[in-house]
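Working notes for the structure below.
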Amino acid sequence: MALVIVAIAASMFLYFADALRITRLSRQETQATTFAKNYLTSLQSYWQTPENYTFGLGYAKELAEAVPEPYRLDVTITNEANETLAQFPEGVAVAKDESRLRKITLMFTDDKGKLLVIQSDISYPPPRP
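For the sequence shown, our numbering assigns the number 154 to the initial residue and increments by one for each residue that follows.
Next up, the structure:
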């Protein structure tokens, strides 16, 4: 009887430990996706003027510096010809780009090597009347 009670207690402990781990991972992924949404919204807002769109790749790097723990963030920005315009944290960036469409790829890697990839496209701002 005592063995059954110990087995039940051990299985309950393992269940709750696993539930806590899943909750922690879920919270971390939520923080990463929230960061990605804010990052892409801020970038799209900044690139609303043709001048900022053409010369504003450095702003993308500034935004990438506030990545939530425990993630490492790699950002790649390519144009419609799939040429790399910027890559952070390595710091590769062109000074000027007039492509009409940019693909932004955010790759979050946690301390255990798990990868979370989020992509979005941002187009050249429409002409103002």
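Cβ coordinates follow ideal geometry from the N, Cα and C atoms, glycine included.
Checklist entry - Should residue 245 be labelled buried (16 or more other beta-carbon atoms within 10 Å of its own) or exposed? => result Taking the first residue of the sequence shown as 1, we reach residue 245 at position 92. Label assigned to residue 245: exposed.
Checklist entry - Counting only runs that start and end within the stretch 202 to 242, where is the alpha helix (DSSP H) found for 4 or more residues in a row? => result Within the stretch 202 to 242, the complete alpha helix (DSSP H) runs of at least 4 residues are 203 to 208 and 210 to 217.
Item to check | CA-to-CA distance, residue 154 to residue 182, given in whole angstroms | outcome: One-based indexing of the sequence shown puts residue 182 at position 29. One-based indexing of the sequence shown puts residue 154 at position 1. When rounded, the distance between both Cα atoms is 42 Å.
Checklist entry - Excluding five sequence neighbours on each side, which residues of the same chain lie with their C-beta closer than 6 Å to the C-beta of residue 263? => result Position 110 of the sequence shown, counted from the first residue, corresponds to residue 263. Cβ neighbours of residue 263 beyond the five flanking positions: 223 and 224.
Item to check | For residue 260, three-class secondary structure by DSSP | outcome: The residue you call residue 260 lines up with position 107 of the sequence shown. Residue state for residue 260 is assigned as strand, using DSSP reduced to three classes.
Checklist entry - Is DSSP giving residue 246 helix, strand or coil here? => result The residue given as residue 246 occupies position 93 in the sequence shown. Three-state result, residue 246: strand.
Next on the checklist: Within a Cβ cutoff of 7 Å, which residues of the same chain sit near residue 209, ignoring the five residues on either side of it in sequence?
Outcome noted: On the sequence shown, position 56 is the one that residue 209 refers to. Answer for residue 209: 199 and 200, listed in chain order.
Item to check | From 178, 212 and 179, residue whose alpha carbon lies closest to that of residue 194 | outcome: Within the sequence shown, numbered from 1, the residue matching residue 194 stands at position 41. Residue nearest to residue 194 within the set 178, 212 and 179 is 212 (criterion: CA-CA distance).
Checklist entry - Using CA coordinates, which residue listed in 167, 160, 197 and 219 is at the minimum distance from residue 184? => result Here the question's residue 184 lines up with position 31 in the sequence shown. Between residue 184 and the set 167, 160, 197 and 219, the nearest pair of CA atoms involves 219.
Item to check | Residue of 275, 281, 167 and 159 minimising C-alpha distance to residue 230 | outcome: Reading the sequence shown from its first residue, position 77 is the one you call residue 230. Check the Cα spacing between residue 230 and each of 275, 281, 167 and 159: the tightest is with 275.
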